[in-house]
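If you use mature numbering (1 follows the signal peptide of the UniProt record, and there is no 0), the sequence shown corresponds to residues -22 to -1, 1 to 74, in order.
C-beta: ideal position from N, C-alpha, C; glycine also.
These notes are about the structure you will find just below.
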Amino acid sequence: MRKLRLLVASCSGLLLALTANAEPLLSKQEYIKLCIDTYGEDMITRSVCEQEYFALVEKEKELFIEHHDKGEIEKAGLESNEQNEILTEQQNEFID
């Protein structure tokens, strides 16, 4: 359990420390690969890595919206439901 908490905290810090724009710096595949290369390839670790990725993408959106004006937000497309639908589909694929 301690290792799992460390994994979540480390992965969170890794992506949040690197993000400064509307798009994630790491794609889902890159993030998952980095995470499992660091912490192992078992199913639990992979699951934690994937769920953490989804949570970090949502947090990035919140931070971007919080720190940018409406024009920049619209330009980045963060207000559209399309990105939310894509994220939901990715999460559903993971669950299935």
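Can you give the beta carbon distance from residue i to residue j, rounded, assuming they're within the 8 Å contact cut?
i, j, result
"L4", "L12", "7 Å"
"T23", "I10", "T23 to I10, Cβ: 10 Å. No contact."
Kindly indicate the opening and closing residues of the alpha helix (DSSP H) around residue i.
i, result
"D15", "6 to 17"
"H46", "No alpha helix (DSSP H) contains H46, which DSSP labels as neither H nor E."
Could you check which residue in the options has the C-alpha nearest to that of residue i?
i, options, result
"C27", "F42, I43, E8", "E8"
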